[in-house]
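Residue numbers (the numbering used here), protein chains in the order written: chain F, 23 to 268; chain U, 23 to 268. Where is the CB? At the ideal position from N, CA and C, for every residue including glycine. Computed from a prediction, not measured in an experiment: that's the story for all the values here. Structure first, then comments.
There are 2 protein chains.
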Amino acid sequence: MKFLSCTSSDDIVERTFDLDGIPGVLWTPPIGSEGAPLILIGHPGGQHKLAPGPVARARHYVTRYGFNAAAIDAPGHGDRRRSAEDQRWVDAMMAARQAGESLAPSITALNVSLAERAVPEWRATIDALSGLSEIGDVTIGYGGLTLGSAIGIPLAAVEPRIRAAVFGGVFTYPELFDAARQVTIPVQVLLPWDDREIDRQTGLELFDALASPEKTMHVTTGGHHQVPAFETDDSARFYVRHLRRR
Amino acid sequence: MKFLSCTSSDDIVERTFDLDGIPGVLWTPPIGSEGAPLILIGHPGGQHKLAPGPVARARHYVTRYGFNAAAIDAPGHGDRRRSAEDQRWVDAMMAARQAGESLAPSITALNVSLAERAVPEWRATIDALSGLSEIGDVTIGYGGLTLGSAIGIPLAAVEPRIRAAVFGGVFTYPELFDAARQVTIPVQVLLPWDDREIDRQTGLELFDALASPEKTMHVTTGGHHQVPAFETDDSARFYVRHLRRR
Numbered sequence: 023m024k025f026l027s028c029t030s031s032d033d034i035v036e037r038t039f040d041l042d043g044i045p046g047v048l049w050t051p052p053i054g055s056e057g058a059p060l061i062l063i064g065h066p067g068g069q070h071k072l073a074p075g076p077v078a079r080a081r082h083y084v085t086r087y088g089f090n091a092a093a094i095d096a097p098g099h100g101d102r103r104r105s106a107e108d109q110r111w112v113d114a115m116m117a118a119r120q121a122g123e124s125l126a127p128s129i130t131a132l133n134v135s136l137a138e139r140a141v142p143e144w145r146a147t148i149d150a151l152s153g154l155s156e157i158g159d160v161t162i163g164y165g166g167l168t169l170g171s172a173i174g175i176p177l178a179a180v181e182p183r184i185r186a187a188v189f190g191g192v193f194t195y196p197e198l199f200d201a202a203r204q205v206t207i208p209v210q211v212l213l214p215w216d217d218r219e220i221d222r223q224t225g226l227e228l229f230d231a232l233a234s235p236e237k238t239m240h241v242t243t244g245g246h247h248q249v250p251a252f253e254t255d256d257s258a259r260f261y262v263r264h265l266r267r268r
Numbered sequence: 023m024k025f026l027s028c029t030s031s032d033d034i035v036e037r038t039f040d041l042d043g044i045p046g047v048l049w050t051p052p053i054g055s056e057g058a059p060l061i062l063i064g065h066p067g068g069q070h071k072l073a074p075g076p077v078a079r080a081r082h083y084v085t086r087y088g089f090n091a092a093a094i095d096a097p098g099h100g101d102r103r104r105s106a107e108d109q110r111w112v113d114a115m116m117a118a119r120q121a122g123e124s125l126a127p128s129i130t131a132l133n134v135s136l137a138e139r140a141v142p143e144w145r146a147t148i149d150a151l152s153g154l155s156e157i158g159d160v161t162i163g164y165g166g167l168t169l170g171s172a173i174g175i176p177l178a179a180v181e182p183r184i185r186a187a188v189f190g191g192v193f194t195y196p197e198l199f200d201a202a203r204q205v206t207i208p209v210q211v212l213l214p215w216d217d218r219e220i221d222r223q224t225g226l227e228l229f230d231a232l233a234s235p236e237k238t239m240h241v242t243t244g245g246h247h248q249v250p251a252f253e254t255d256d257s258a259r260f261y262v263r264h265l266r267r268r
């Protein structure tokens, strides 16, 4: 893991890093975080680790709660080149949208493939971050909507170091339901009630599929990507409940 | 309005009162609350104004947030005698339950009638509380599950002084949907996902029916009356968002 840049202000330190070709960013409080939880932030599809949404959430967690936060670019996103195969799926998605056909086959193929590649990358990132003296053996949470859930749900299904997660707003397919049925950690699901891209019924079914004994779903008005700002703090409080050591 | 008793501790003052035959209770911080919001608490069916649930919520709002809180006994509940007609509906409900028949006709008749009587009682209570020098012209919120929603939804539909409300866990019928369609204030709905008494689909339909542009629903695991304790604080934060004057 190689740190590439460091920007620091009164209340947060932002360091970008490279981990064997995975571009990432780590946000920490300026003074020692003393075993504070680490929140992994999965960016939405088409965005990247330093997009306004992930950065705003990271800032909130670090400056208000003293947490650590980290994000990496998903394959083909941000600083990473899109593969020819990914490009074909993206093209197929655009063509389907233009033709008024179902996006399901192309989104499913793309998201399943991205998750297969991203899950081991996140696990390697956890290994590397846990090895830093300023992070160490802390409790870990994950949060990500849309693609961040398409990757995060299979990740939470196999990675026991993730102890609580926020998901939502995600297009569903059988592979994602299979993964959800293996998730047993506490989860908070966000469901935009007026999402015109993703049928609300599939959101309810995904919540139902999660095997977590402790799960909560926050349904809010608004469409895809229109999660109200107060949900960022609700997520932080959810992490506090489940990740802060007593 | 006649105060009947006063109990005070380091962090809360509890005064019971009688308002023309309506037994009520007012909780305030021990030192002036300086225009802090007033939260009206509607108790669940079969309970009363001083049952553990309403008292715990009132304590939380007053001691953690400096709010004022008040509750009254619904007709036929707590210190109030049940009328012969109410008793016939309750008997019909018990008989239906024993016979494995639908409770819908008796619950609907009882709840519609209780709401018709309770709505003007709550409005008179608001008049009386607003007339107290220590309360005055404050912003008002309402919160109540089950019967507290059967009464609170029609109340919020007609009483403009109520500016935000928490509802949930309520048996639904056409009169309640009609009232919900007239509610336009911010609402937070609680939906116990595993409620065996009330079908979750009716909870989703009720959320959908509320005409409020700003509405949020918190779905939690557990059955009827099993709302997790952290939702009390989530409700308080919802009231803060909508009731606290800037």
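Chain-ordered, the chain F residues with CB closer than 8 Å to the CB of Pro235 (chain U) read Thr243. For Glu236 (chain F), same chain residues with a beta-carbon under 6 Å away, outside a window of 5 residues either side, are Pro208 in chain order.
The criterion of a C-beta distance shorter than 7 Å is not satisfied by Trp144 (chain F) and Leu167 (chain F). Proximity of chain U to Thr147 (chain F) at the Cβ level (cut-off 9 Å) is not reached, the minimal Cβ distance being about 30 Å. Distance from the CA of Phe252 (chain U) to the CA of His264 (chain F), rounded to the nearest whole angstrom, comes to 12 Å.
If you compare the alpha carbons of U:Gly191, U:His99 and U:Thr206 with that of Ala179 (chain U), the shortest gap goes to U:Thr206.
Beta-bridge partners of Gln210 (chain F) (DSSP): F:Val188 and F:Thr238. Closer than 7 Å to the CB of Thr238 (chain U) there is at least one CB belonging to chain F.
Below the 9 Å Cβ cutoff, chain U contributes Trp215 and Val241 as neighbours of Phe229 (chain F), in chain order.
Checking the DSSP bridge columns, you'll see Trp49 (chain U) partnered with U:Glu36 and U:Ala91. Counting only runs that start and end inside the segment 96-183 of chain U, the alpha helix (DSSP H) elements of at least 4 residues fall at 106-121, 126-152 and 169-180.
Distance from the CA of Val160 (chain F) to the CA of Met116 (chain U), rounded to the nearest whole angstrom, comes to 53 Å. 7 Å or more divides the Cβ of Ala96 (chain F) from the Cβ of Leu41 (chain F).
Contact check between the segment 39-54 of chain U and the segment 63-83 of chain U: three or more CB pairs, one atom from each, fall below 8 Å, which counts as touching. By the CB criterion at 7 Å, Val192 (chain U) and Ala172 (chain U) fall inside the cutoff. Residues of the same chain with a CB within less than 8 Å of the CB of Ala93 (chain U), apart from the 5 flanking positions on each side, are Gly46, Val47, Leu62, Ile63, Gly64, His65, Lys71, Leu72, Pro76 and Ala80 in chain order. Going by beta carbons, Ser128 (chain F) and Ala114 (chain F) fall inside the 7 Å limit.
An exposed status is given to Gly122 (chain U), since fewer than 16 other beta-carbon atoms sit within 10 Å of its beta-carbon. Counted as a single uninterrupted DSSP element, the beta strand (DSSP E) harbouring Leu62 (chain F) occupies residues Leu60 to Gly64.
In terms of Cβ geometry, Phe199 (chain F) and Ala231 (chain F) form a close pair [threshold 7 Å]. Within chain U, the residues Phe252 have their CB atoms less than 9 Å from the CB of Arg263 (chain F), given in chain order. Rounded to whole angstroms, the separation of the alpha carbons of Ser257 (chain U) and Gly67 (chain F) is 32 Å. Under the 10 Å beta carbon count, Leu228 (chain U) is surrounded by 16 or more other beta carbons and is classified as buried. Within 10 angstroms of the beta-carbon of Phe25 (chain F) lie fewer than 16 other beta-carbons, which makes it exposed. In the DSSP assignment, Phe260 (chain F) falls within the unbroken alpha helix (DSSP H) covering Phe252 to Leu265. In this structure Asp108 (chain F) is buried. Its beta-carbon is surrounded by 16 or more other beta-carbon atoms within 10 angstroms. Around the beta carbon of Ser234 (chain F), a 10 Å sphere encloses 16 or more other beta carbons of the protein chains shown; the residue is thus reported as buried. CA-to-CA, the gap between Arg222 (chain U) and Val249 (chain U) works out to about 14 Å. Each residue's CA atom was taken as its position, placing Val84 (chain F) and Gln204 (chain U) some 41 Å apart. Annotation: Leu26 (chain F) is outside any alpha helix (DSSP H); the continuous beta strand (DSSP E) that includes it extends over Lys24 to Ser30. When the five nearest sequence neighbours on each side are left out, the beta carbons in the same chain lying within less than 7 Å of the beta carbon of Thr130 (chain U) are those of Tyr195, in order along the chain.
In terms of Cβ geometry, Ile162 (chain U) and Asn90 (chain U) do not form a close pair [threshold 7 Å].
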